[in-house]
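In the working numbering, the protein residues as written are 604 to 694.
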């Protein structure tokens with residue numbers, strides 16, 4: 604399911620226009636991304652935690668040439684599913 608399909612499903616389920624559903628989905632993802640960018644964890648009860656983690660600079664290799672290179676430190680998104688979500692997937 605992609606973002607358009609998600610917003611269409613939201614529109615159908617909540618009896619709203621597709622445009623309003625698209626705005627809601629876009630706003631939700633924008634808010635999550637903004638808060639993660641500030642270093643804030645976004646907890647959705649019964650679903651999971653969206654957060655950002657810092658990776659350290661490290662040595663790596665170019666897979667094509669085998670040449671050693673430095674991989675820069677970066678901020679990576681992270682999601683941890685809550686037990687309720689895991690249980691709903693596993694019956």
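Every residue gets a Cβ at the ideal spot worked out from N, C-alpha and C, and that includes glycine.
| Asked | Found |
| --- | --- |
| Cα-Cα separation, residue 653 to residue 635 | 7 Å |
| Neighbourhood of residue 684 by C-beta, 8 Å cutoff - its chain only, sequence neighbours within 5 removed | 650, 651 |
| Spatial distance of residue 637 from residue 680 (CA atoms) | 12 Å |
| Residue of 682, 693, 609 minimising C-alpha distance to residue 629 | 609 |
| Within 8 Å, strictly: CB atoms of residue 624 and residue 614 | yes |
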